[in-house]
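In the numbering used here, the protein residues as written are 411 to 710. To start, the structure itself, in structure tokens.
Structure below.
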């Protein structure tokens with residue numbers, strides 16, 4: 411029990427520090443203009459590679475093992491239930507995001523001059539509609555992804571998007587804590603703790619980087635998110651410890667864990683490709699971004 415308490419406290423502060431680090435990095439890189447922005451894009455691609463690795467290497471296999479061992483094999487089920495759960499998670503995030511955007515679009519939008527427009531009456535000049543392209547300037551070795559001016563409107567639902575992203579990743583962090591809390595010996599606790607801390611701190615850094623990009627110069631939402639997220643792993647550890655001390659680990663708990671992790675895995679796919687790598691993957695994607703994604707995938 412003592413080892414689990416120490417592990418929970420160390421994990422909390424490690425995640426918190428890594429989550430807040432992008433705030434300083436963002437200021438540092440922005441002072442360097444296009445070069446700094448290009449390096450921020452590289453970090454974003456690195457984060458995308460990390461999240462892709464988390465899904466493919468950790469989450470998807472864990473979901474399949476839990477569902478197979480506790481439901482499919484005992485009941486002789488051959489239907490690919492784990493993959494269906496992952497698909498449900500992806501479409502759930504997609505639908506939730508669409509519902510939120512539709513709801514906000516149906517309300518009136520306040521313009522700086524006080525004029526109110528509805529989504530049906532918004533008129534945008536064709537000259538303002540630039541496709542998302544990668545700029546290759548012979549005099550600028552740092553190609554940047556240019557978004558259309560319409561993207562500025564998308565920041566209106568940034569808070570909701572960040573909440574959905576936080577929810578998906580927080581569930582994963584809780585389950586990482588559960589795996590630590592269900593261990594029975596001190597050696598097992600520290601072994602799983604070290605592995606979890608490595609990839610949880612990397613995920614925390616990548617999530618912090620994404621929220622810094624969403625909230626731009628607003629630090630308070632990022633700090634609140636950092637505190638909330640850093641508590642998730644210790645909370646999972648505490649829940650698992652209490653459950654184990656009271657009744658031990660069983661197939662029911664593992665099955666519930668498998669179902670929730672399956673849905674969360676689908677959320678990871680959405681976060682990776684529809685949030686983090688959105689606008690980065692293009693036909694003219696720079697090789698630096700590709701190698702940055704690969705590095706994020708390999709490091710995990």
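Don't be surprised by glycine CBs; every beta carbon is placed ideally from N, CA and C. Source: prediction; values computed, not measured.
Problem set entry | Nearest neighbour of residue 622, chosen from 433, 456, 428 [CA to CA] | 433
Exercise. What is the DSSP secondary structure of residue 436, reduced to helix, strand or coil?
Worked result: helix
For this session: Taking the CB atoms as reference points, tell me whether residue 421 and residue 607 lie closer together than 9 angstroms.
Result: yes
Problem set entry | Where the alpha helix (DSSP H) through residue 686 begins and ends | No alpha helix (DSSP H) contains residue 686, which DSSP labels as neither H nor E.
For this session: Tell me whether the beta-carbon of residue 668 lies closer than 9 angstroms to the beta-carbon of residue 470.
Result: no
Problem set entry | Endpoints, the alpha helix (DSSP H) within which residue 709 is located | 697–709
Exercise. Does the stretch 670–681 come within contact of the stretch 436–445, defined as at least 3 CB pairs closer than 8 angstroms?
Worked result: no
For this session: Under 8 angstroms by Cβ, that's how I've got residue 363 and residue 583 pegged, so tell me the actual separation to the nearest angstrom.
Result: The shown model of the chain, from 411 to 710, leaves out residue 363, and the question about it has no answer.
Exercise. Would you say the stretch 611–629 touches the stretch 451–467, given that touching needs at least three Cβ pairs under 8 angstroms?
Worked result: yes
For this session: Tell me whether residue 489 sits in a helix, a strand or coil according to DSSP, three-state version.
Result: coil
Exercise. Residue 471 lies in the alpha helix (DSSP H); which residues open and close that run?
Worked result: 470–477
Problem set entry | Proximity of residue 414 and residue 573 at Cβ, strictly below 9 angstroms | no
For this session: Enumerate in chain order the residues of its own chain whose CB-to-CB distance from residue 691 is below 6 angstroms, with the five nearest sequence positions on each side excluded.
Result: none
Problem set entry | residue 661 in three-state terms, based on DSSP | helix
Problem set entry | Test item: CB-CB of residue 579 and residue 639 under 9 angstroms | yes
Exercise. For the alpha helix (DSSP H) that residue 597 lies in, which residues bound it at each end?
Worked result: 596–625
Problem set entry | Separation of residue 626 from residue 482, as counted between CA atoms | 46 angstroms
Exercise. Taking the C-alpha atoms as reference points, what is the distance between residue 507 and residue 480?
Worked result: 32 angstroms
Problem set entry | Nearest-angstrom Cα separation, counted from residue 429 out to residue 585 | 19 angstroms
Problem set entry | Own chain partners of residue 452 with C-beta closer than 8 angstroms, once the 5 adjacent residues on each side are dropped | 698, 699, 702
For this session: Compute the distance between the beta-carbons of residue 682 and residue 435, then report whether it is under 9 angstroms.
Result: no
For this session: Helix, strand or coil for residue 452, going by three-state DSSP, please let me know.
Result: helix
Exercise. Between the C-alpha atoms of residue 505 and residue 708, what's the straight-line distance to the nearest angstrom?
Worked result: 31 angstroms
For this session: Could you check how far apart the C-beta atoms of residue 712 and residue 637 are, in whole angstroms? I think they sit under 8 angstroms.
Result: Outside the shown range of the chain (411 to 710) lies residue 712, about which nothing can therefore be said.
Exercise. Going along the chain, which residues of its own chain have a beta-carbon closer than 7 angstroms to the beta-carbon of residue 370, five neighbours each way excluded?
Worked result: The structure shown does not extend to residue 370, since the chain is modelled only from 411 to 710, so the question has no answer here.
Exercise. Whose C-beta lies closer than 8 angstroms to the C-beta of residue 454 among residues of the same chain, with five residues either side of it excluded?
Worked result: 619, 620, 623, 686, 687, 690
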